[in-house]
Amino acid sequence: MKLSRGARLVILGAILVVIDQVSKVLVKTGMDLGQQIYVIGNWFRLCFIENEGMAFGMKFGGTAGKLCLSIFRIVLFSALVLWIRSLDKKQKAPTGVLVGLTLITAGAFGNIIDCLFYGVIWDYAPFMFGKVVDMLYFPLIRDAFGNTLFFRPVFNFADSCVTVGAFYLILFHWKFFTSNETDNQ
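Numbering (numbering that gives the first Met the number 0), first residue to last: 0 to 184.
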C-alpha cells in the first residue's frame, strides 16, 4: 500500500513531535532544573532549563502576554497546517517545500504542547501557561575565562525542527516563495 504525500507528511510531523516530547519528558523527569550533563566535553551539554516560551527565554507582557503568545502560536500553527494541506492538494509545491514547512509546523506544535499542557501535567500553572523545556546546549566559542561568547541559547528538538526547516527552505527552495505559483494559492 502506497501512502499519499500528505499521509507521509503527517507521519513525518508526528515522528518529529514524538521525538521532541519524549526528549522533554525524559529531561523533565530525569534531571533537576538547572542540572547539566556533559555529553561531549564542554562542547555539548544537556542543560535542563524552562522558559516562558519565547526565543532565548524572553518574556512577553506577563500573564496577558503569555496568553496572547499561546493564542498566536495556535493560530499560526493552524494556518501552517492549512497552507501545507492546500499546497499538497493543489500539487503546487515540490515535496521539499512541504517537508520544510512540516519541520517548522512540527516544531511549533512541540512547543505549543509544552505551553498548553505542561503546567497542568506537572501542576505548576493553568492550561495555556506552561513553560517550554529546553536542554540542548552547545557553547561553541568561549573566552580565556570559560565564559561563552558564541551560542549561549539552550534549546530543544522542536526549536531545531523550526530552525532546520527555515534554513532548508531559504537555502534550497527560496525560488518557490518568490515565484508566481505561491501567489495563486
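Even for Gly, the Cβ is constructed at its ideal location relative to N, Cα and C.
Proximity winner among Leu45, Tyr136, Ala13, Leu139, relative to Val26 (alpha-carbon distances): As a position in the sequence shown, residue 26 is number 27, starting the count at 1. Of the listed residues, the one whose Cα sits closest to Val26 is Leu45.
Counted within 10 angstroms of its Cβ, other Cβ atoms place Pro138 as buried (16 or more) or exposed: Translated into the one-based positions of the sequence shown, residue 138 becomes position 139. It is buried - the Cβ of Pro138 has at least 16 other Cβ atoms within 10 Å.
Beta-bridge partners of Arg7, as assigned by DSSP: For the purposes of this step, residue 7 is taken as the residue at position 8 of the sequence shown. Paired residues: none, contrary to the question.
Cα-Cα separation between Phe190 and Phe176, rounded to whole angstroms: No answer is possible for residue 190: the residues shown for the chain start at 0 and end at 184.
Whole-angstrom distance between Phe171 and Ala78, CA atom to CA atom: Mapped onto the sequence shown, residue 78 falls at position 79. Mapped onto the sequence shown, residue 171 falls at position 172. So the alpha carbons of these two residues sit roughly 23 Å apart.
In chain order, each alpha helix (DSSP H) run of at least 4 residues that lies wholly inside the segment 28-88: none
Selected residue, minimal CA-CA separation from Lys23, among Ile169, Val163, Ser69, Ala157: The residue given as residue 23 occupies position 24 in the sequence shown. Taking only the C-alpha atoms, the option nearest Lys23 is Ala157.
Backbone secondary structure at Phe150 - three-state DSSP: Walking along the sequence shown from the start, residue 150 turns up at place 151. Coil.
Ser69 to Phe47 span [Cα, whole Å]: Numbered from its first residue, the sequence shown carries residue 69 at position 70. Numbered from its first residue, the sequence shown carries residue 47 at position 48. Those two C-alpha atoms are separated by around 22 Å.
Under 8 Å between C-beta atoms of Asn50 and Asp133: Translated into the one-based positions of the sequence shown, residue 50 becomes position 51. Translated into the one-based positions of the sequence shown, residue 133 becomes position 134. Yes. Within cutoff.
Cut-off 7 Å between Cβ atoms - residues of its own chain near Ile112, not counting five sequence neighbours on either side: By 1-based counting over the sequence shown, the position of residue 112 is 113. Excluding positions up to five away in sequence, the list reads Gln20.
Endpoints, beta strand (DSSP E) assigned at Leu135: Taking the first residue of the sequence shown as position 1, residue 135 is located at position 136. Here the beta strand (DSSP E) through Leu135 covers 131-136.
Spatial distance of Lys187 from Leu100 (CA atoms): Here the chain comprises residues numbered 0 to 184, so residue 187 is not present and cannot be evaluated.
Same chain, Cβ closer than 6 Å to Leu186, five either side skipped, listed in chain order: Here the chain has residues from 0 to 184 only, and residue 186 is not among them.
Per-residue burial, Ile140 [other beta carbons within 10 Å of its own, 16 or more giving buried]: If you number the sequence shown from 1, residue 140 lands on position 141. Answer is exposed; the Cβ neighbour count stays below 16.
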